[in-house]
Amino acid sequence: MDFEKRLQRAIERGEKARAAADRVDAERHLSAEELRDVYSRGRLELSEHIEHCLRRLVNHFPGFNYASILGDEGWGAKITRDDLIARPGRPHETQYSRLEVFVTPRSTASILEVVCKGTIRNREAFHRRHFQRLIELDLQAFNAQIDAWVLDYAEQFAAQG
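Numbering that gives the first Met the number 0 puts the last residue of the sequence shown at 160; the count rises by one with no breaks.
Okay, structure coming up:
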């Protein structure tokens with residue numbers, strides 16, 4: 000086979016590969032309304048999972064107060080606790096602990112983002128974010144990440160007595 004025929008076949012293969020990639024991109028591209036629907040479903044499922052995890056955490060650590068987060072900051076839940084520390088010969092000290100996990104409001108970027116902020120005894124333990132593009136949304140991965148954050152907070156809180 001001469002070079003000219005092989006060149007022509009290589010060009011045809013390249014064109015077919017480009018056409019296939021374009022079809023995949025077109026299938027992955029969602030309309031604005033579809034993106035809103037995907038975001039809303041994801042936000043609802045994740046906020047329910049967040050609520051479930053934090054309510055279970057409150058059951059293991061008495062003294063925490065549970066509250067839902069609904070509004071400008073996002074959708075999710077938080078738990079807070081104030082401990083009064085009394086030491087002989089020293090003034091009383093208040094130590095604040097909290098864990099907030101919430102889905103951020105939808106922005107112009109086509110992503111779904113979850114934020115987690117943890118404070119243990121007046122010290123920030125962590126501030127984490129996890130996001131995915133809406134067209135690639137994997138809610139199981141989000142749920143696993145939220146579980147890991149809550150478990151990490153529980154371990155750190157228990158370790159600090």
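Using N, Cα and C, we set each Cβ at its ideal position, and we do this for glycine too.
Is the separation between the beta-carbon of residue i and that of residue j shorter than 9 Å?
{"i": "residue 126", "j": "residue 113", "result": "no"}
{"i": "residue 94", "j": "residue 121", "result": "yes"}
{"i": "residue 38", "j": "residue 105", "result": "yes"}
{"i": "residue 110", "j": "residue 83", "result": "no"}
Can you list, in chain order, the residues of its chain whose CB lies under 8 Å from that of residue i, leaving out five sequence neighbours each side?
{"i": "residue 56", "result": "63, 78, 98, 149, 152 and 153"}
{"i": "residue 46", "result": "74, 75, 76, 101 and 102"}
{"i": "residue 138", "result": "41, 44 and 45"}
For residue i, which of the options has the nearest alpha-carbon?
{"i": "residue 34", "options": "20, 158, 145 and 131", "result": "131"}
{"i": "residue 41", "options": "136, 19, 73 and 143", "result": "136"}
{"i": "residue 143", "options": "117, 49 and 28", "result": "49"}
{"i": "residue 158", "options": "60, 39 and 46", "result": "60"}
{"i": "residue 145", "options": "4, 36 and 53", "result": "53"}
By Cβ distance, which residues of its chain are closer than 7 Å to residue i, with the 5 residues on each side in sequence left out?
{"i": "residue 85", "result": "91"}
{"i": "residue 119", "result": "96, 155, 156 and 159"}
{"i": "residue 72", "result": "101"}
{"i": "residue 124", "result": "117, 118, 152 and 155"}
{"i": "residue 88", "result": "none"}
Opposite residue i in the DSSP bridges: which residues?
{"i": "residue 110", "result": "132"}
{"i": "residue 127", "result": "115"}
{"i": "residue 122", "result": "119"}
Practice problem: Report the residue ranges of all alpha helix (DSSP H) runs contained in full by the region 26-92; include only those spanning at least 4 residues, in chain order. | Solution: Listed in chain order, the complete alpha helix (DSSP H) runs (minimum 4 residues) inside the region 26-92 are 31-59.
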